[in-house]
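Protein chains in written order, with my numbering: chain A, 9 to 202; chain B, 9 to 202.
Protein chains: 2
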Amino acid sequence: MSARATTRPGGRSARVQQSVHQAVRDLEAEVGRDALTVPLIAARAGVTPSTVYRRWGDLRELLSDVAVERLRPDTAPADHGGLRADLEAWAAQFAEEMSSTAGRTYIRDALLGDPGQGNAVRCSDYAVEQLKAIGVRAAGRGEAVPDVETLLDVLVAPLMYRILFRPSDLSTVYTDHLVAAALGRGPATPQTKS
Amino acid sequence: MSARATTRPGGRSARVQQSVHQAVRDLEAEVGRDALTVPLIAARAGVTPSTVYRRWGDLRELLSDVAVERLRPDTAPADHGGLRADLEAWAAQFAEEMSSTAGRTYIRDALLGDPGQGNAVRCSDYAVEQLKAIGVRAAGRGEAVPDVETLLDVLVAPLMYRILFRPSDLSTVYTDHLVAAALGRGPATPQTKS
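Written as structure tokens, this is what we have:
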């Protein structure tokens, strides 16, 4: 879920998106996000400001798109040989990345510049795709797999709720507990968090 | 969680807050939120714009404060004679109010104008207070009560996650299922949503 190059097949539209996204990432690192403006980004990307406004509406929507790209997982979830181990590793990594300063900023950007909720749904779909990949692998081993909506409710939702609404200890004690609950073996919340 | 008059004991500071919040609510109804500006709000509230900027920083932070006030529950949770019934009624009402157009707007405002997360925590605390009140009542009847952190994870978090990230059917089929899961009687997610 780190920054990744956006490489898409041809066309001017794809090239504009790539150069504008890259300009946002570069300028954010160079001048900080509070100094970002559409004219500054457009100049760096080699397009006109009106190109940016036509395509993204405003800076906030552009930042939302860039944030969602950054939240996109780089790789398939690691294979640790079993469903529980795979879910524990995935949940620990998800918690760590999403609760980092950068992760929180991207989540807020993704939600905030997104009145139609399309980018929020994309964030959720990234988690779904990863959890499905883990599930397919586990089913191939003959393991029983909770459906993905249950995993969203039991594993992903508490992490996102606590990141957004309630400062909490999201250590592996907590994420392992959530995985245990998802696998039907740990209904009670441990008392070590928040 | 509907609009409520903010009545607090004396002081100029409390009066300024009350008149500025009221001006936001009135103007939002009259001219729509996209037309709100700090000078417009200040003029209606009978204060100077600099008073608003000094106290709230900017429009977004003011809207965040107003949103949190609107998300504050008006009343104690209704007493339906048992823990399950109380939680089912509370969850159904929470889902209905938070997923309404107004509820979604207030949640977004509360989260997004709030870099320090204080208002998000207040939203979460409102839920905690209501769930604790239900729990105290149930304990008084001799019922076993899940701890409030479990109720946040199992009941509140999935509702907020789906409202923010994933359009879903939040009907009582779903909220009753979450309550059953919280009470340890329904681990699987029903297949009727999203």
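Cβ coordinates follow ideal geometry from the N, Cα and C atoms, glycine included.
How big is the Cα-Cα spacing for residue i and residue j?
i: Ile171 (chain B); j: Met106 (chain B); result: 8 angstroms
i: Val60 (chain A); j: Tyr182 (chain B); result: 41 angstroms
i: His153 (chain B); j: Tyr169 (chain B); result: For the record, residue 153 (chain B) in the displayed sequence is Val; it is not His. One C-alpha to the other measures close to 24 angstroms.
i: Glu151 (chain B); j: Leu91 (chain B); result: 7 angstroms
i: Ala147 (chain A); j: Lys140 (chain A); result: 10 angstroms
i: Gln25 (chain A); j: Arg62 (chain A); result: 12 angstroms
i: Leu163 (chain B); j: Ala190 (chain B); result: 7 angstroms
i: Arg116 (chain A); j: Glu104 (chain B); result: 24 angstroms
i: Ala84 (chain B); j: Val136 (chain B); result: 12 angstroms
i: Ser27 (chain B); j: Asn127 (chain B); result: 20 angstroms
i: Arg16 (chain A); j: Ser132 (chain B); result: Residue confidence is low: Arg16 (chain A) scores 49 on pLDDT, short of 50, so the model does not pin down where it sits. No coordinate-derived value is stated.
i: Arg145 (chain A); j: Gln138 (chain A); result: 11 angstroms
i: Gly54 (chain A); j: Ser72 (chain A); result: 21 angstroms
i: Asp34 (chain B); j: Leu70 (chain B); result: 14 angstroms
i: Arg41 (chain B); j: Arg149 (chain B); result: 46 angstroms
i: Arg174 (chain B); j: Gly19 (chain B); result: 44 angstroms
i: Phe102 (chain B); j: Glu157 (chain B); result: 17 angstroms
i: Ser179 (chain A); j: Ala97 (chain A); result: 12 angstroms
i: Asp184 (chain A); j: Leu159 (chain B); result: 18 angstroms
i: Ser176 (chain B); j: Val129 (chain A); result: 11 angstroms
i: Ala30 (chain A); j: Ser58 (chain A); result: Checking the sequence, you will find Gln at residue 30 (chain A) rather than Ala. In a straight line, the C-alpha of Gln30 (chain A) is about 18 angstroms away from that of Ser58 (chain A).
i: Gly111 (chain B); j: Thr45 (chain B); result: 22 angstroms
i: His88 (chain A); j: Thr109 (chain A); result: 28 angstroms
i: Asp66 (chain A); j: Val32 (chain A); result: 13 angstroms
i: Tyr134 (chain A); j: Glu36 (chain A); result: 24 angstroms
i: Arg8 (chain B); j: Ala188 (chain B); result: Nothing about residue 8 (chain B) can be read from this structure; chain B reaches only from 9 to 202.
i: Arg52 (chain A); j: Gly192 (chain A); result: 52 angstroms
i: Trp64 (chain B); j: Arg23 (chain A); result: 41 angstroms
i: Asp155 (chain A); j: Ala43 (chain A); result: 44 angstroms
Secondary structure at residue i, three-state DSSP: helix, strand or coil?
i: Val74 (chain A); result: helix
i: Leu35 (chain A); result: helix
i: Leu191 (chain A); result: coil
i: Gln101 (chain A); result: helix
i: Ser107 (chain B); result: helix
i: Ser132 (chain A); result: helix
i: Pro166 (chain A); result: helix
i: Ser176 (chain A); result: coil
i: Gln25 (chain B); result: helix
i: Tyr182 (chain B); result: helix
i: Ala53 (chain A); result: helix
i: Gln125 (chain A); result: coil
i: Leu95 (chain A); result: helix
i: Gly19 (chain B); result: coil
i: Leu44 (chain A); result: coil
i: Ala118 (chain A); result: helix
i: Ala146 (chain B); result: helix
i: Arg112 (chain B); result: helix
i: Ala141 (chain A); result: helix
i: Asp161 (chain A); result: helix
i: Thr59 (chain B); result: helix
i: Val153 (chain B); result: coil
i: Arg80 (chain A); result: coil
If residue i sits next to residue j, beta carbons under 8 angstroms apart, how far is it from one beta carbon to the other, in whole angstroms?
i: Ala99 (chain B); j: Leu186 (chain B); result: 6 angstroms
i: Ala86 (chain A); j: Tyr114 (chain A); result: No, Ala86 (chain A) and Tyr114 (chain A) are not in contact; Cβ-Cβ is about 22 angstroms, not under 8 angstroms.
i: Pro166 (chain A); j: Ala165 (chain B); result: 4 angstroms
i: Arg68 (chain A); j: Leu119 (chain A); result: That pair is no contact at about 11 angstroms.
i: Asp82 (chain B); j: Ile142 (chain B); result: Not confirmed; about 16 angstroms, so no contact.
Mind checking residue i: buried by the 16 CB within 10 Å criterion, or exposed?
i: Arg78 (chain A); result: buried
i: Thr56 (chain B); result: exposed
i: Val39 (chain A); result: exposed
i: Met9 (chain B); result: Summary for Met9 (chain B): the model assigns pLDDT 38, below 50, so the residue's position carries little reliability, and this model does not support an answer.
i: Asp161 (chain B); result: buried
i: Ser21 (chain B); result: exposed
i: Asp122 (chain B); result: buried
i: Gly124 (chain A); result: exposed
i: Ala50 (chain A); result: buried
i: Ala13 (chain A); result: Here the model assigns Ala13 (chain A) a pLDDT of 41, short of 50, so the residue's position is not dependable, and the following value carries that caveat. Flag for Ala13 (chain A) reads exposed.
Name, please, each residue of chain C whose Cβ falls closer than 8 angstroms to the Cβ of residue i.
i: Arg92 (chain B); result: Judged by its chain identifiers, the structure shown contains no chain C, and its protein chains are A and B.
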